[in-house]
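Protein chains in written order, with the numbering used here: chain A, 1 to 205; chain B, 1001 to 1205.
2 protein chains.
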Amino acid sequence: MSTVTQTPSVGRPRAFDADDALAKALEVFWRKGFEGTSLTDLTQAMGINKPSLYAAFGNKEQLFLKAIELYEQRPCAFFYPSLEKETAYQVVESMLYGAASSLVDENQPHGCLIVQGALACSEAGQAIKETLITRRRDGEQALCERLQRAKDEGDLPADADPLLLARYIGTVLQGMAVQATNGICPNELRKVAELVLANFPKNNQ
Amino acid sequence: MSTVTQTPSVGRPRAFDADDALAKALEVFWRKGFEGTSLTDLTQAMGINKPSLYAAFGNKEQLFLKAIELYEQRPCAFFYPSLEKETAYQVVESMLYGAASSLVDENQPHGCLIVQGALACSEAGQAIKETLITRRRDGEQALCERLQRAKDEGDLPADADPLLLARYIGTVLQGMAVQATNGICPNELRKVAELVLANFPKNNQ
DNA sequence: AATATTATGTACTGATCGGTAATATATAGT
DNA sequence: ACTATATATTACCGATCAGTACATAATATT
């Protein structure tokens, strides 16, 4: 499940761990964005040379796609797991606090790869840019559906607007990602999350 | 006041309008970001060739700095003029509605140059990236001071936290800028602004 | 008309970009 | 040992990057 490419039993064995290499590539893309990252940056961080990279991952664009896949499924990703919480409030709470800690975590690049990976770029990056836009929309869509379910279950007020709420929370999370690149300190970001949460409907009234 | 460079009376006169050319450069940087914009992009949009660009504006980085200066001072910029409103609520209302219309204005690139100009980039773009971070912080700082004044004047509740409120509104505005690049439609963005505004303290209680 | 000054257009620079051809090397199966 | 297969290393590709040298052209001054 975690292997990036299946290693055949025949031929010279690969001298590097493809998952480790992908994790290194993710970190560079995260810091520098798709277009700001060069193949030299990648091969140096991954500890391999270009032909190995191309054999294992296709090209720069496909490597980036695999990196965002890893990004969204890595253990400390907070967005989608938050959807599993019991109540709408807890879902949003988990997302906001997850963002407040993850986006400024000192053990990883600040900010969000999905936001800063390719926000504005040249023609060469348009496909990646649109992929990231889709990922952002997908996240909001998933949150919207979760909030709709909460509304159906009486967990949100009857006059709540799940689509609007999801867009609002999505907007706040994306804004928090920008704040993280601004270098905001963790407790300041946390306070923003608390303020947002204070205005979010908690009980079913 | 509007001239970019003073044209001397001696020598061959410039064959282009420097302010017009800067406006064109701004539009390209806005769409593609600092690093996503090439000199070819710039010279084509500006209708001049490279030596003219370098003579008039220095280099790509200095041209970008002049572009963000123009960006923040152009007639339809909404942030700083909003600070002049009478009450804290009106200030924030003007900012949110200004963002909701300006960020998705069809007559200009979507989103915000200060946010998407260089959110993540290579080493070569670090100076620009930090310049933009400073601009974002300056904006929040100015809003904070305006809200503090409002609090002092009794225009905001006595327990209001101007710094936190400014950071929150800044976060929302930056998130709205990302939403704009996502291609959100204007009335959807407007509804997000209305929701934020509905939770902002309106009267002095 | 001659000169000084500045702008223009063309052609170029070295460096870096993403990507690959060619070759050597390491394994599995026979 | 031999073959097939797949990887690693080196060196390279054309294209593009930001920036500039150089010669020409247009103006003001004298």
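The beta carbon of each residue, even a glycine, is placed where N, CA and C say it ideally should be.
The alpha helix (DSSP H) spanning residue i covers which residue range?
i: V1178(B); result: 1162-1182
i: A118(A); result: It is not in any alpha helix (DSSP H) - A118(A) carries neither H nor E in the DSSP assignment.
i: P1081(B); result: 1079-1082
i: Q1062(B); result: 1060-1073
i: D41(A); result: 39-46
i: P215(A); result: No statement about residue 215(A) is possible, as the shown extent of chain A runs from 1 to 205 and does not include it.
i: A158(A); result: Premise fails: A158(A) is in no alpha helix (DSSP H) and is neither H nor E.
So, helix, strand or coil for residue i, using DSSP?
i: R1136(B); result: helix
i: E27(A); result: helix
i: S1009(B); result: coil
i: L1195(B); result: helix
i: A124(A); result: helix
i: Q148(A); result: helix
i: R1190(B); result: helix
i: A15(A); result: coil
i: F1034(B); result: helix
i: Q1205(B); result: Note that Q1205(B) scores 46 on pLDDT, short of 50, meaning its location in the model is unreliable; the coordinates nonetheless yield the value given after this. The answer is coil: DSSP assigns Q1205(B) none of H, G, I, E or B.
i: D1105(B); result: coil
i: C112(A); result: coil
i: T1087(B); result: coil
i: V1092(B); result: helix
Using a Cβ-Cβ cutoff of less than 8 Å, which residues in the same chain neighbour residue i once the five nearest sequence positions on both sides are dropped?
i: A124(A); result: E35
i: A1100(B); result: M1176, P1186, L1189, R1190, V1192, A1193
i: A45(A); result: K24, A25, E27, V28
i: V10(A); result: none
i: K85(A); result: V91, E93, S94
i: E1106(B); result: none
i: Q1205(B); result: Any answer about Q1205(B) is weak, because its pLDDT of 46 lies below 50 and its placement is not dependable; what the coordinates show is given next. Closer than 8 Å at the Cβ level, and outside the excluded window around Q1205(B), lie P1157.
i: L1039(B); result: K1050, L1053, K1060
i: R135(A); result: I68, E72, I114
Who are the Cβ neighbours of residue i in its own chain at under 7 Å, not counting the five residues just before and after it?
i: C1076(B); result: S1102
i: F1064(B); result: F1029, F1034, I1128
i: L147(A); result: A88, L156, P162, L165, A166
i: L26(A); result: A67, L70, Y71
i: L113(A); result: F29, W30, I68, Y71
i: R14(A); result: T7
i: T43(A); result: N49, K50, L53
i: L22(A); result: V4, K66, A67, L70
i: D41(A); result: V28, K32
i: E1140(B); result: A1166, R1167, G1170
Report yes if the CB atom of residue i is closer than 8 Å to the CB atom of residue j, and no otherwise.
i: Q179(A); j: T1181(B); result: no
i: A120(A); j: Q1116(B); result: yes
i: M95(A); j: I48(A); result: no
i: P1201(B); j: A1160(B); result: yes
i: S52(A); j: K1032(B); result: no
i: G1111(B); j: I133(A); result: no
Spatial neighbours of residue i within its chain, please: C-beta separation below 6 Å, excluding the five flanking residues on both sides.
i: T37(A); result: V28, F29
i: Q174(A); result: V115
i: K151(A); result: A160, P162
i: C144(A); result: P162, L163, A166
i: P109(A); result: W30, R31
Taking residue i and residue j to be in contact with their CB atoms under 8 Å, please state how far apart those CB atoms are, rounded to whole angstroms.
i: L1083(B); j: A1142(B); result: 6 Å
i: F78(A); j: G98(A); result: 3 Å
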